[in-house]
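Working notes, beginning with the structure itself.
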Amino acid sequence: MKRNLQVSDRVSKISKSAIHEMTRLSKEVEDVAFLSWARPTSDTPEHIKEAGIKAIRDGLVGGYSETGGLPELRDEIAVKLRRDNHIDATPEEVIVTVGAIEGLSSAVMAVIDPGDEVILPSPTYSTHIRQVVIASGKPVLVPTIEEEGFILDIDAIKDAITPRTKAILYCSPSNPAGAVFSEEQLRQLAEIALEHNLMVITDEAYEYFTFDDHRHFSIASIKEMRKNAISCFTFTKTYAMTGWRVGYLHADREIIPQISKAHIPFAICAPVVSQYAALAALTGPQDCVSRFRQHYLEMRNLMCERLDRISLVFEYHRPGGSYLMFPRILAEGGDDSATFCKKLLREARVSTTPGVAFGPTGEGHLRLSFCVSADEINKAFDRMEEYFI
Ligand SMILES: Cc1ncc(COP(=O)(O)O)c(C=O)c1O
Numbered sequence: 004m005k006r007n008l009q010v011s012d013r014v015s016k017i018s019k020s021a022i023h024e025m026t027r028l029s030k031e032v033e034d035v036a037f038l039s040w041a042r043p044t045s046d047t048p049e050h051i052k053e054a055g056i057k058a059i060r061d062g063l064v065g066g067y068s069e070t071g072g073l074p075e076l077r078d079e080i081a082v083k084l085r086r087d088n089h090i091d092a093t094p095e096e097v098i099v100t101v102g103a104i105e106g107l108s109s110a111v112m113a114v115i116d117p118g119d120e121v122i123l124p125s126p127t128y129s130t131h132i133r134q135v136v137i138a139s140g141k142p143v144l145v146p147t148i149e150e151e152g153f154i155l156d157i158d159a160i161k162d163a164i165t166p167r168t169k170a171i172l173y174c175s176p177s178n179p180a181g182a183v184f185s186e187e188q189l190r191q192l193a194e195i196a197l198e199h200n201l202m203v204i205t206d207e208a209y210e211y212f213t214f215d216d217h218r219h220f221s222i223a224s225i226k227e228m229r230k231n232a233i234s235c236f237t238f239t240k241t242y243a244m245t246g247w248r249v250g251y252l253h254a255d256r257e258i259i260p261q262i263s264k265a266h267i268p269f270a271i272c273a274p275v276v277s278q279y280a281a282l283a284a285l286t287g288p289q290d291c292v293s294r295f296r297q298h299y300l301e302m303r304n305l306m307c308e309r310l311d312r313i314s315l316v317f318e319y320h321r322p323g324g325s326y327l328m329f330p331r332i333l334a335e336g337g338d339d340s341a342t343f344c345k346k347l348l349r350e351a352r353v354s355t356t357p358g359v360a361f362g363p364t365g366e367g368h369l370r371l372s373f374c375v376s377a378d379e380i381n382k383a384f385d386r387m388e389e390y391f392i
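Residue numbers (the numbering used here): 4 to 392.
Here it is, written out as structure tokens:
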């Protein structure tokens with residue numbers, strides 16, 4: 004690659020985001036049916052917004068908080084981690100971050116040296132790949148087993164380990180496939196990590212959105228993993244707080260000061276107004292979370308029913324969690340997902356995300372988001388039925 008004098012090799016290696024490109028192209032299409040964003044379309048619940056407004060009025064948000072976050076928020080996060088994730092957490096082991104994303108970036112920066120390899124079960128959230136590249140690490144994409152619902156391929160992960168492997172980074176429930184890695188599989192992964200002394204960095208953004216008999220399991224709840232896990236969480240999905248930019252991570256107290264050294268140059272601290280809102284989210288009524296979950300479950304079922312009606316066009320696995328699914332394209336031209344999605348946008352006015360955006364194993368698929376209304380799903384599928392059939 005020709006060296007660009009203005010831009011680092013690290014950054015120029017990163018490809019443009021297909022998600023953002025589809026968003027840009029979608030704006031050129033009138034009355035588009037939009038299934039491309041993995042962003043909750045509900046608004047933040049009122050009591051959370053009110054807490055933010057009150058904090059502003061009380062003059063609490065004009066300065067920085069402690070770098071690790073407001074002490075009262077970290078207390079509540081530790082309570083939540085013990086209660087819901089069965090992680091034996093204390094407030095000193097928590098850093099409040101700018102969404103899960105900044106937590107993941109700080110974790111990767113704290114762990115990865117240039118040339119270190121990071122195993123990513125794939126297809127995976129493209130931002131994770133970029134986070135490894137920005138840290139000058141080497142992403143090693145290990146395919147999941149699609150036929151069994153995109154579950155971890157434990158043997159393939161074992162085979163991918165080399166002397167340069169430093170970490171495994173995964174999200175469960177997953178973006179883009181909606182797979183929920185089972186406790187049994189994650190215990191096997193933990194054994195591998197301990198045997199090779201690897202860090203496991205987790206993205207648990209969709210922890211509350213699991214369906215049927217799928218259960219979310221936090222690998223850090225395994226006592227032996229205490230020093231080998233960095234677990235990242237967010238308020239974005241659970242409380243529909245995307246734009247507030249607030250999340251948190253948990254790690255052993257020995258590594259927290261090191262992650263903090265990466266967190267400070269990225270953020271200094273998470274937005275203080277959002278930290279007060281997050282405190283209200285954790286301490287206030289929780290019925291919004293079950294309402295969101297119920298909505299996503301209904302939308303998943305609707306999307307699956309609609310997919311069944313065009314089974315010659317797409318083949319899919321029913322997602323066990325998140326609000327995303329990743330059908331394989333059977334229709335002609337499906338092996339080039341970027342071109343397929345652009346055509347679908349221009350000719351059927353349906354916006355989706357090409358699977359290739361989630362690593363090479365994502366090619367031949369597209370990602371559909373069901374965090375939208377039933378009307379949006381029906382509009383998109385009415386158009387696809389007319390277009391394909
Ligand atoms: C798997 C996953 N992690 C993290 C994020 C972003 O989280 P946050 O807004 O907390 O940075 C997303 C957003 O789509 C996601 O899908």
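Glycine is no exception: its CB is placed at the ideal position from the N, C-alpha and C atoms.
{"query": "Which of helix, strand or coil does DSSP assign to Glu318?", "result": "strand"}
{"query": "Can you give me the start and stop residues for the alpha helix (DSSP H) that Lys382 sits inside?", "result": "Ala377 to Phe391"}
{"query": "Where DSSP assigns a beta bridge to Gly250, which residues make up the other side?", "result": "Thr100 and Thr237"}
{"query": "Return the CA-CA distance between Gly71 and Thr93, expressed in angstroms with no decimal places.", "result": "13 Å"}
{"query": "Give me, in chain order, the residues of the same chain whose beta-carbon lies closer than 7 Å to that of Glu79; leave out the 5 immediate sequence neighbours on both sides.", "result": "Leu282, Leu285 and Thr286"}
{"query": "May I ask you to check if the CB of Asp206 is nearer than 8 Å to at least one heavy atom of ligand 1?", "result": "yes"}
{"query": "Please classify Pro288 as buried or exposed, where buried requires at least 16 other C-beta atoms within 10 Å of its C-beta.", "result": "exposed"}
{"query": "Along the beta strand (DSSP E) that carries Tyr173, what are the first and last residues, could you check?", "result": "Thr168 to Cys174"}
{"query": "Alpha carbon to alpha carbon, how far is Gln188 from Met302?", "result": "27 Å"}
{"query": "Alpha carbon to alpha carbon, how far is Gly246 from Arg42? Give it in angstroms, no decimals.", "result": "10 Å"}
{"query": "Take Ile396 as the anchor and find which of Cys174, Val111, Arg349 and Asp290 has the nearest alpha-carbon.", "result": "Because the chain is modelled from 4 through 392, residue 396 falls outside the range shown and cannot be assessed."}
{"query": "I'd like to confirm something about Ala281: is its beta-carbon nearer than 8 Å to some heavy atom of ligand 1, or not?", "result": "no"}
{"query": "Taking the runs of the alpha helix (DSSP H) that are 4 residues or longer, which of them lie wholly in the segment 124-183?", "result": "129-137 and 157-163"}
{"query": "Tell me the residue span of the alpha helix (DSSP H) that contains Met306.", "result": "Asp290 to Asp311"}
{"query": "Count the other C-beta atoms from every protein chain shown that fall within 10 angstroms of the C-beta of Arg190, then say buried if there are 16 or more, exposed otherwise.", "result": "exposed"}
{"query": "How far does the alpha helix (DSSP H) with Leu189 in it reach, from first residue to last?", "result": "Glu186 to His199"}
{"query": "Looking only at DSSP bridge pairs, what is Gly324 linked to?", "result": "Thr213"}
{"query": "Can you tell me whether DSSP reads Arg331 as helix, strand or coil?", "result": "strand"}
{"query": "Compute the minimum distance between the beta carbon of Leu107 and the heavy atoms of ligand 1, and state whether it is under 8 Å.", "result": "yes"}
{"query": "From the DSSP secondary-structure annotation, give me the bridge partner or partners of Thr70.", "result": "Thr70 is not bridged to any residue."}
{"query": "With distances taken from CA atoms, which of Pro363, His320, Ser125 and Arg296 is nearest Asp338?", "result": "Pro363"}
{"query": "Could you pull out every residue in the same chain whose Cβ sits closer than 6 Å to the Cβ of Glu210, ignoring the five residues on either side in sequence?", "result": "His219"}
{"query": "In the DSSP assignment, find the beta strand (DSSP E) that holds Lys38 and state where it starts and stops.", "result": "Per the sequence shown, the amino acid found at residue 38 is Leu instead of Lys. No beta strand (DSSP E) contains Leu38, which DSSP labels as neither H nor E."}
{"query": "So, does the segment 198-218 touch the segment 102-115, judging by three or more C-beta pairs under 8 Å?", "result": "yes"}
{"query": "Could you confirm whether any beta carbon from chain C is found closer than 9 Å to the beta carbon of Thr364?", "result": "Here chain C cannot be found, since the structure has a single protein chain."}
{"query": "Shortest alpha-carbon distance to Phe343 belongs to which of Ala21, Lys16 and Leu8?", "result": "Ala21"}
{"query": "Classify Asn88 as buried or exposed, calling it buried when 16 or more other Cβ atoms lie within 10 Å of its own Cβ.", "result": "buried"}
{"query": "Do Val143 and Arg352 count as a contact pair if the criterion is CB distance below 9 Å?", "result": "no"}
{"query": "Is there at least one non-hydrogen atom of ligand 1 closer than 8 Å to the beta-carbon of Phe238?", "result": "yes"}
{"query": "Quick check: the Cα distance between Gly152 and Gln9, rounded to an integer number of angstroms?", "result": "44 Å"}
{"query": "Could you tell me if the beta carbon of Gly362 falls within a distance shorter than 8 Å of some heavy atom in ligand 1?", "result": "no"}
{"query": "Might you give, ordered along the chain, the residues of its own chain that have their beta carbon closer than 6 Å to the beta carbon of Pro330, omitting 5 neighbours on each side?", "result": "Phe317 and Tyr319"}
{"query": "Could you please give the first and the last residue of the uninterrupted beta strand (DSSP E) stretch that includes Leu369?", "result": "Leu369 to Ser372"}
{"query": "Please say whether Phe236 and Glu105 have beta carbons closer to each other than 9 Å?", "result": "no"}
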